[in-house]
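Structure record follows, encoded as structure tokens.
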């Protein structure tokens, strides 16, 4: 203090401090006003600076459930889910408020629902924990603030517009059963049969099915006002695996006369990066559900 006073008065360093200590009262900077920051909590909505990178990475892996309607990059899917990255609604809520909202969802009859599509509670996965939802929120915040390099948004929403592929490109007659090659160990020769599926393929399909679960339910029995029952579906049972693969790769837009849900089914379930092998694994999993396995 004496040295600082000497700088202000032009005095030498050995000049005494003549000002009383009362000019710097202890009440100006109380130590209690500086709590230690939590590493994984965001103090302000829309901020990602205090999120743990591991939490963001966990949220990215969980976000695949949300991607079916909101897109792999969070920018939304036409006629399904809104843009979360540039959302004033998302930015205006605290993490706790957003957690509470996601746990409830927004049904189609809610006046605040402007999409005409149900947002199911917990994204359609009743088993989702609060910690998993908070991880998803951290990931969404990171997208809104400019995602870090270890949590990139890979797929642009424009890769899955609802109007790109007319339904006539995948008629059921395009792939007759006679064109099916001899069954591989992991392929089902008949629609609805699961006896020849490799258990590892079914397990892979179950993990990939989380993308479909947002609309079709974790058990495949459908979600009201969103996706139909796949387990007891005559449509699913009537297609070969190849025909079902072709259908899923195209989806069923809302303007397709065969679409009776009034909700877009996005190509590849909303994940443009999904491979044929991953889709075939999902088909294997659906077949086992239909067979009661």
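Residue numbers (this note's numbering): 55 to 347.
The beta carbon of each residue, even a glycine, is placed where N, CA and C say it ideally should be.
Which residue's Cα is closest to the Cα of residue i: the options?
| i | options | result |
| --- | --- | --- |
| residue 345 | 116, 152 and 273 | 273 |
| residue 193 | 137, 113 and 131 | 113 |
| residue 166 | 157, 188 and 143 | 143 |
| residue 170 | 342, 332, 316 and 343 | 316 |
| residue 32 | 157, 181 and 168 | This structure cannot speak to residue 32, because the chain is shown only from 55 to 347. |
| residue 198 | 109, 180 and 140 | 140 |
| residue 350 | 128, 343 and 125 | The requested residue 350 does not occur in the structure, where the chain is confined to residues 55 to 347. |
| residue 116 | 186, 159 and 127 | 186 |
| residue 136 | 109, 168, 108 and 190 | 168 |
| residue 104 | 181, 195, 311 and 313 | 195 |
| residue 328 | 265, 155 and 164 | 265 |
| residue 286 | 341, 128 and 311 | 341 |
| residue 151 | 126, 253, 108 and 191 | 191 |
Which residues in the same chain as residue i place their Cβ atom closer than 6 Å to its Cβ, once the five residues preceding and following it in sequence are excluded?
| i | result |
| --- | --- |
| residue 308 | 133 and 318 |
| residue 178 | 267, 268 and 277 |
| residue 338 | 251, 255, 256 and 259 |
| residue 332 | 262 |
| residue 281 | 269 and 270 |
| residue 283 | 275 and 276 |
To which residues of the same chain is residue i closer than 7 Å at the C-beta, ignoring the five residues directly before and after it?
| i | result |
| --- | --- |
| residue 279 | 162 and 172 |
| residue 263 | 336 and 339 |
| residue 188 | 149 and 153 |
| residue 236 | Since pLDDT at residue 236 reaches only 36, below the 50 mark, its modelled position is unreliable, and the value read off the structure follows with that caveat. Answer for residue 236: no residue qualifies. |
| residue 85 | Residue placement at residue 85 is flagged as unreliable, the pLDDT there being 43, under the threshold of 50; a coordinate-derived value is accordingly withheld. |
Could you give the first and the last residue of the continuous alpha helix (DSSP H) run that contains residue i?
| i | result |
| --- | --- |
| residue 302 | 295-304 |
| residue 147 | First-last for residue 147: undefined, no H or E at that position. |
| residue 193 | 184-198 |
| residue 165 | Careful: residue 165 lies outside any alpha helix (DSSP H) and carries neither H nor E. |
| residue 271 | Unbroken run through residue 271: none, as it is neither H nor E. |
| residue 130 | Element bounds for residue 130: n/a, residue is neither H nor E. |
| residue 115 | 107-116 |
| residue 253 | 253-262 |
| residue 290 | 288-291 |
Opposite residue i in the DSSP bridges: which residues?
| i | result |
| --- | --- |
| residue 281 | 277 |
| residue 328 | The partner list for residue 328 (beta bridge, DSSP) is empty, contrary to what the question assumes. |
| residue 319 | 306 |
| residue 135 | 131 |
For this session: Say whether the stretch 108-128 touches the stretch 323-338, bearing in mind that this needs 3 or more beta-carbon pairs closer than 8 Å, one atom from each stretch.
Result: yes
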